[in-house]
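Participant: Each residue of the sequence shown is one higher than the one before, counting from 630 in this note's numbering.
Glycine included, every Cβ here is placed at the ideal spot set by N, Cα and C.
Starting off with a structure, shown below.
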Amino acid sequence: MHKPKILIADDDQNVRTAFRTRLRQSGYRVVESANGLDVLSQYLSEYVDAVILDHDMPVGDGRTIARMIRRESDAPIIFISGFDVDKFKPLMKELPDVYFFSKPIDFEELGQLLKNITGEPVEEAGVSGDTEGRGGREY
């Protein structure tokens with residue numbers, strides 16, 4: 630069974646709950662972190678297929694956390710932020726597989742991106758989507 634695991638990192642419990650609900654309904658497994666330190670601890674303790682990362686969190690900003698994650702793995706990182714995309718463009722050029730969504734989130738577009746980068750969640754063993762040709766983009 631291929632059920633990609635997504636790490637949601639946001640200090641707002643309501644945001645994490647909304648993402649968790651939507652992602653689980655779409656067939657993803659979900660783990661959560663509430664601050665930058667927890668993101669790294671969670672990320673290093675178990676494999677995830679992608680990280681949804683808020684920029685402004687206690688104990689570590691999103692850009693610093695993204696750089697630390699990238700040292701350990703090539704898992705796609707999806708920033709969710711109320712900040713303008715221009716603040717993230719240098720990071721998106723610096724690190725591979727970094728994406729950006731402005732708040733409020735279009736869950737349809739986010740879902741399509743997750744399918745493209747992690748594969749379609751499926752119930753049959755050995756079936757997964759193609760993840761070749763990934764690159765950072767703004768949504």
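Within the same chain, show all residues whose beta-carbon is closer than 8 Å to that of Gly758, passing over the 5 residues directly before and after it, in chain order.
Facilitator: Unreliable positioning characterises Gly758 in this predicted model, as indicated by a pLDDT of 37, which lies under 50. The coordinate reading is nonetheless provided below. Once the five neighbours on either side are set aside, the close Cβ partners of Gly758 are Lys744, Asn745, Thr747, Gly748 and Glu749.
Participant: Out of Gly711, Ser710 and Phe717, state which residue places its alpha-carbon closest to the alpha-carbon of Arg696.
Facilitator: Nearest C-alpha to Arg696: Phe717.
Participant: Got a sec? Which residues, its chain only, sit under 8 Å from Thr693 by beta carbon, not counting five neighbours each side?
Facilitator: Cβ neighbours of Thr693 beyond the five flanking positions: Gly665.
Participant: Cα-Cα, which of Arg651, Asp639 and Tyr676 is closest to Glu661?
Facilitator: Selected option, being the one with the closest Cα: Asp639.
Participant: Taking the C-alpha atoms as reference points, what is the distance between Ser674 and Tyr657?
Facilitator: If you take the alpha carbons of Ser674 and Tyr657, they lie about 18 Å apart.
Participant: Compute the Euclidean distance between the alpha carbons of Ile635 and Asp713, then round it to the nearest angstrom.
Facilitator: The straight-line gap from Cα to Cα measures roughly 24 Å.
Participant: So which of Val668, Ile709 and Lys632 has the shortest CA-CA distance to Asp735?
Facilitator: Measuring from the Cα of Asp735, the nearest candidate turns out to be Ile709.
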